[in-house]
Amino acid sequence: MFKKILIANRGEIACRVIKTARRMGIATVAVYSDADANALHVAMADEAVHIGPAPSSQSYIVIDRIIEAIRKTGADAVHPGYGFLSENAAFAAALESEGVGFIGPPVGAIEAMGDKITSKKIAADAGVSTVPGHMDLIEDADEAVRIASAIGYPVMIKASAGGGGKGMRIAWNDTEAREGFQSSRNEAKSSFGDDRIFIEKFVDQPRHIEIQVLGDQHGNTLYLGERECSIQRRNQKVIEEAPSPFLDEATRKAMGEQAVALAKAVGYFSAGTVEFIVDGDRNFYFLEMNTRLQVEHPVTELVTGIDLVEQMIRIAAGDPLSFGQNDIRRDGWAIESRLYAEDPYRNFLPSIGRLSRYRPPVEGRQDSGAIIRNDTGVFEGGEISIHYDPMIAKLCSWADDRTTAIDAMGEALDAFELEGIGHNLPFLSAVMGQERFRAGTLTTAYIVEEFPDGFSGVQPDEAAATKLAAVAALINQIVQQRAGEISGAIGNHRRVVGQDWIVTLAGREQAVKIEPGADAAFVIFPRGDRVAVASGWVPGQSLSTFRVDDEAMAVKVNLIGSVIRLRWRGMDVSARVRSPRIAELGRLMPLKLPPDTSKMMLCPMPGVITFIAVKAGDAVQAGQTLAIVEAMKMENVLKAEKQGVVKNVAASAGQSLAVDGLIMEFE
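In numbering that gives the first Met the number 0, the protein residues as written are 0 to 666.
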């Protein structure tokens, strides 16, 4: 067995590998860039080696720097995690020449499966069902348009060396094919150093389902079931689960056997994933094989009880698998929510900044019997950088059945405190509460179909508004009583807290009466509803459990002047609780209007302007490309929303802008 493993990665996956290596009694080495000097994975490892500047092209994907760190520390094996060098055949070959173990598949398998064009040809020869498409290289945008037209729209334009949603575009017409080809090529070159592109038919109403395979160096290969990965934005997964709510046993077996056949065809060993697109009739088509550990591997671990990182280490050390296909058992249901530093209110654009508050929910078995797991690589006070993937954490729940696992996830998201940056936690909470998701009616277009105008938060229905109004009334009562105790301590007259209040929440104003009780207060609403509400909340506490009648609600609370901000289940509401007289006067106050930015193009995210397509005085048409912003290696094309004339251009190519930075103005 290996004595010391170097993890050629960063963030949560580096921390994940360190945990298993530590349990196995194996020493670990972290590598880090300038931006990661204080990162969690550096603190967790037994040793750490600096490998260069912040950009990954100058640090994490520079093979020579990793080799130098190996020599310096005497590591006898390397785990590549995912991304970076994990599917780089040259890196695996370099380790082999150094006599260092690669905790991953053989070089030949990486080469064969790492090229999407080659992999589809091998898959077809192995009897694996594949999507129709053009598997030869495409030279330019004109050729891309001709091929896309011949295949028939819609088509998927993909980077041959791609992954993680980078270098992928869906085109529905010639214009989108031309633009998508160029953007995919640019992203592929930036992310992978390989700008080869191919095109295949886009399967309408698809589900993205993948099979986890595991093979040793003794010819044993098996599959561990599937993961449903259909909830995606910009072709990158957001929520995954195991098993899929869609597959039947016959389809599951067929997909698993084809995945194993492909793995055997390329002499594969280690953990790997074969991805399929599945249509509404359960026809499935091979997409690609990821020759590495997947981001969503925890859900497979939770339902099978198999530590995939441990298996990868043992396989790389030459151990045979200690179990066979008939030993694999699926127990219960697991869901993973990827918590990203991205703003769902701005079309999921990346966000950067410091984590002023980071308090994940408690891990382990809950009172309900569910299990919560949180794989992360950040900490409170740490910084989310523009240089790397915006993932903050992978929050997982497990339970005996899917409904209970969803409920447990909803409760865990409620209890997850995260401040300082834009993040997708409200969106994840919203999805958990949607009937369509709970019913398992999923496609890769789920987000577009359910939020066609973008995500704008969850608006409370009448029942939820009543609960939150009761919570706001109790919070106000506690604040008022505390103020009365303070004033009573410094004067001769004790302040009397009234029972009649006006609660304004979600655009609705209600006169309520609050009656203190021994164990709970009672909030009486105009229609006669009498709601019992209790909590141990004290001023300054940002998260507290409120018991509203018989329901326990973990609510995030912020007091901003006279406003009580409440966040729960994807809802983000501002409540005011005022005396009848103050509320009456408040109605006379003028509303402050936001500034008019209708004639400005503002940067939608922190990023670098890579291209400005117009100049002052140019007339532009709706849909015309005006600028391109790159953030976290993703190209974002900014287009004109309507016809107009450019008044002035404030930004230039190569300039870094903060969110809402001015790019140009229109007349």
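Beta carbons: idealized from backbone N, C-alpha and C, even for Gly.
Burial state of residue i (16 or more Cβ within 10 Å)
i           : result
residue 588 : exposed
residue 575 : buried
residue 363 : exposed
residue 119 : buried
residue 242 : buried
residue 423 : buried
residue 447 : exposed
residue 0   : exposed
residue 159 : buried
Assigned secondary structure, residue i (DSSP; H/G/I helix, E/B strand, else coil)
i           : result
residue 638 : strand
residue 251 : helix
residue 303 : helix
residue 445 : helix
residue 379 : coil
residue 579 : helix
residue 396 : strand
residue 475 : helix
residue 469 : helix
residue 607 : strand
residue 243 : coil
residue 7   : coil
residue 349 : strand
residue 511 : strand
residue 481 : helix
residue 373 : strand
residue 66  : helix
residue 600 : strand
residue 526 : coil
residue 72  : helix
residue 201 : coil
residue 275 : strand
CB of residue i within 8 Å of CB of residue j, strictly
i           : j           : result
residue 197 : residue 153 : no
residue 372 : residue 419 : no
residue 186 : residue 633 : yes
residue 224 : residue 262 : no
residue 299 : residue 271 : no
residue 426 : residue 454 : yes
residue 279 : residue 204 : yes
residue 347 : residue 232 : yes
residue 206 : residue 277 : yes
residue 496 : residue 480 : yes
residue 172 : residue 319 : no
residue 466 : residue 604 : no
residue 7   : residue 105 : no
residue 376 : residue 39  : yes
residue 626 : residue 606 : no
residue 50  : residue 77  : no
residue 302 : residue 345 : no
Element boundaries [beta strand (DSSP E), containing residue i]
i           : result
residue 49  : 46 to 51
residue 529 : 529 to 534
residue 28  : 26 to 32
residue 546 : 542 to 547
residue 630 : 624 to 630
residue 552 : 550 to 559
residue 646 : 643 to 648
The alpha helix (DSSP H) enclosing residue i, as first and last residue numbers
i           : result
residue 78  : Unbroken run through residue 78 is the beta strand (DSSP E), 76 to 78; no alpha helix (DSSP H).
residue 181 : 173 to 191
residue 148 : 140 to 150
residue 14  : 10 to 22
residue 40  : 39 to 43
residue 411 : 401 to 413
residue 328 : No alpha helix (DSSP H) contains residue 328, which DSSP labels as neither H nor E.
residue 91  : 88 to 97
residue 229 : Per DSSP, residue 229 belongs to no alpha helix (DSSP H); it is in the beta strand (DSSP E), 220 to 232.
Closer than 8 Å to chain E by CB, residue i
i           : result
residue 130 : This model lacks chain E altogether; it includes just one protein chain.
Heavy atom of the ligand COA within 7 Å of residue i beta-carbon
i          : result
residue 87 : As for the ligand COA, it is missing from this structure, which has no ligand bound.
How do the segment 424 to 441 and the segment 466 to 482 stand: do at least 3 beta-carbon pairs fall below 8 Å, yes or no? no
Would you say the segment 326 to 337 touches the segment 234 to 241, given that touching needs at least three Cβ pairs under 8 Å? yes
Quick check: the segment 367 to 384 against the segment 22 to 30, are there 3 or more CB pairs under 8 Å? no
Does the segment 611 to 623 come within contact of the segment 504 to 518, defined as at least 3 CB pairs closer than 8 Å? no
If we count Cβ pairs, one from each stretch, closer than 8 Å, do we get three or more for the segment 45 to 64 versus the segment 81 to 91? yes
Using 8 Å as the cut-off, can you tell me whether the segment 382 to 400 makes contact with the segment 530 to 546, which would need three or more C-beta pairs spanning the two stretches below that distance? no
Are the segment 137 to 144 and the segment 172 to 184 touching, with three or more C-beta to C-beta distances below 8 Å? yes
Is the segment 456 to 466 in contact with the segment 250 to 264, if contact means three or more CB pairs nearer than 8 Å? no
Decide yes or no for the touch test of the segment 566 to 574 against the segment 437 to 447: beta carbon pairs closer than 8 Å, at least 3 of them. no
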